[in-house]
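Accompanying notes for the structure given below.
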Amino acid sequence: MEQKPIPGADDPALIAAFEARIASGESIEPKDWMPERYRKQLTRMMSQHAHSEIVGMLPEGNWVTRAPSLRRKMSLIAKVQDEAGHGLYIYCGAETLGVDRHDLFNQLLNGTAKYSSIFNYPTLSWADMGVIGWLVDGAAIVNQTVLAKTSYGPYARAMVRICKEENFHKRQGYEICATLASGTPAQQAMLQDAVDRIWWPSLAMFGPSDKDSPNTGELLRWKVKRKTNDELRQRFVNLTVPQAQAIGLTLPDPDLTFNAETKNWDFGEIDWAEFFDVIKGNGPCNRERLEARNTAHDDGQWIRDAATAFAAKHAKRGVEAP
Ligand SMILES: [Fe+2]
Ligand SMILES: [Fe+2]
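Take the sequence shown: its letter number 12 is residue 18 in this note's numbering, and every next letter is one higher.
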């Protein structure tokens, strides 16, 4: 289903009234008038976010069968399952913008949709489960805590609930890291290796630098975004450096230094060429992730058919399917 154009999309009086509402801190709800561009931007952001939650299940799902204890297995399964819930919740929120979730799924399956670049990296060791929870979910919390104040009501409310679960994800990850950090030299080396691989891609998760992020001005004005990519990235670095220090880890950046004047941790240049290459589909696992998603979708066809047949049978009898 194509999104129907919004009536009066270019009407300057309507746009002025909309912007006045935003400026006064009101939230925009699905039935409210909104500029076409606002709806398009939110559809793009929410669908990319939902796809990221769903694809994000794959690198960690890969380790469920190899978790080192029942307790670790239970918390990893719970975390991966939470991510499915986040995806469904955000697809549902995106549908309030007049888009059909099946169209969004199809864009993911046929490779035309984007999702977070971090999930195109492999998970090579058990330590990756700790570092992903700590850094990747940690970065997601920084991003999503601010999105919980976004001007579009359904997105903001979804983020409030999701952030509560992300905190559990981050803690379970950091606990794995802290355990390995106080383990044998081999465990410590495995952990440091995971940090060395995942640190830079987790900084890139905040998106391009503000100077290369053309939509930022408009998104800030409409309070879709409340902070720029660089501001959020800096906040994440400032929060994370002391956590790394607390468990004796070295972050792989020789330029990382505390700036007494700004009270920020200054850091080195991100490899943006690599970032854009991964976004374009050339990361180490892009193909594998899409294949896995497509296989899972195809394998689930029978249950969708069964659910449709069940609903049709009940509709015929005049009873509502549960
Ligand atoms: Fe999530
Ligand atoms: Fe998470």
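For glycine and all other residues, C-beta sits at the position ideal for the given N, C-alpha and C.
- Task: Decide yes or no for the touch test of the segment 159-171 against the segment 107-121: beta carbon pairs closer than 8 Å, at least 3 of them.
- Result: no
- Query: How is F111 classed by DSSP in three states: helix, strand or coil?
  - Reply: On the sequence shown, residue 111 is found 105 positions in, with the first residue counted as 1. If DSSP states are grouped into helix, strand and coil, F111 belongs with the helices.
- Task: Check whether the segment 121-138 touches the segment 164-174, taking contact to mean three or more Cβ pairs, one atom from each stretch, closer than 8 Å.
- Result: no
- Message: On the DSSP letters alone, give me the boundaries of the alpha helix (DSSP H) that N126 sits inside.
- Response: Translated into positions along the sequence shown, residue 126 becomes position 120. Run containing N126: none; DSSP gives neither H nor E here.
- Query: Should E389 and K85 be called a contact, given that it needs their Cβ atoms to be closer than 8 Å?
  - Reply: With the chain covering 7 to 328 only, the question about residue 389 has no answer from this structure.
- Message: Is H175 near ligand 2 - that is, is its Cβ less than 7 Å away from at least one heavy atom of it?
- Response: One-based indexing of the sequence shown puts residue 175 at position 169. The answer is yes for H175.
- Query: Alpha carbon to alpha carbon, how far is G144 from F212?
  - Reply: Here residue 144 refers to the residue found at position 138 when the sequence shown is read from its first residue. Here residue 212 refers to the residue found at position 206 when the sequence shown is read from its first residue. In a straight line, the C-alpha of G144 is about 12 Å away from that of F212.
- Which residue comes first and which comes last in the beta strand (DSSP E) that contains T263? Counted from its first residue, the sequence shown places residue 263 at position 257. From DSSP, the beta strand (DSSP E) with T263 extends over T263 to N265.
- Quick one: Cα of I138 to Cα of A184, how far? Translated into the one-based positions of the sequence shown, residue 138 becomes position 132. Translated into the one-based positions of the sequence shown, residue 184 becomes position 178. Those two C-alpha atoms are separated by around 13 Å.
- So does the segment 233-246 actually touch the segment 268-284, counting three or more Cβ pairs closer than 8 Å? yes
- Identify the continuous alpha helix (DSSP H) that holds N149 and give its terminal residues. In the sequence shown, residue 149 corresponds to position 143, counting from 1. Per DSSP, N149 belongs to the alpha helix (DSSP H) from D143 to L153.
- Task: Alpha carbon to alpha carbon, how far is K286 from L197? Give it in angstroms, no decimals.
- Result: The residue you call residue 197 lines up with position 191 of the sequence shown. The residue you call residue 286 lines up with position 280 of the sequence shown. Cα-Cα distance, rounded: 29 Å.
- Task: Report the residue from V201, A200 and K233 whose alpha carbon sits nearest the alpha carbon of S1.
- Result: Since the displayed the chain opens at 7 and closes at 328, residue 1 lies outside it and no answer follows.
- Message: What does DSSP give as the partner residue(s) for D272 in the beta ladder?
- Response: Taking the sequence shown and counting its residues from 1, the one referred to as residue 272 is at position 266. D272 is bridged to T263.
- Compare the Cα-Cα distances from R203 to each of I182, N149 and D134 and report the closest residue. For the purposes of this step, residue 203 is taken as residue 197 along the sequence shown, with counting starting at 1. The candidate whose alpha carbon is nearest that of R203 is D134.
- Query: Does the beta carbon of E66 fall short of 7 Å from some heavy atom of ligand 2?
  - Reply: Here the question's residue 66 lines up with position 60 in the sequence shown. E66 Cβ: outside cutoff for every heavy atom of ligand 2.
- Message: Quick check on the burial criterion: 16 or more other C-beta atoms within 10 angstroms. Buried or exposed for G306?
- Response: The sequence position of residue 306 within the sequence shown is 300, counting from 1. Exposed, by the Cβ-count rule.
- Query: Expressed to the nearest angstrom, what Euclidean distance is found between the alpha-carbon atoms of L262 and G31?
  - Reply: Sequence index remark: in the sequence shown, residue 262 carries index 256 (1-based). Sequence index remark: in the sequence shown, residue 31 carries index 25 (1-based). Rounded to the nearest angstrom, the two C-alpha atoms are 37 Å apart.
- Message: What I want to know is whether the C-beta of A146 ends up closer than 7 Å to one or more non-hydrogen atoms of ligand 2.
- Response: Here residue 146 refers to the residue found at position 140 when the sequence shown is read from its first residue. Yes, the Cβ of A146 comes within 7 Å of a heavy atom of ligand 2.
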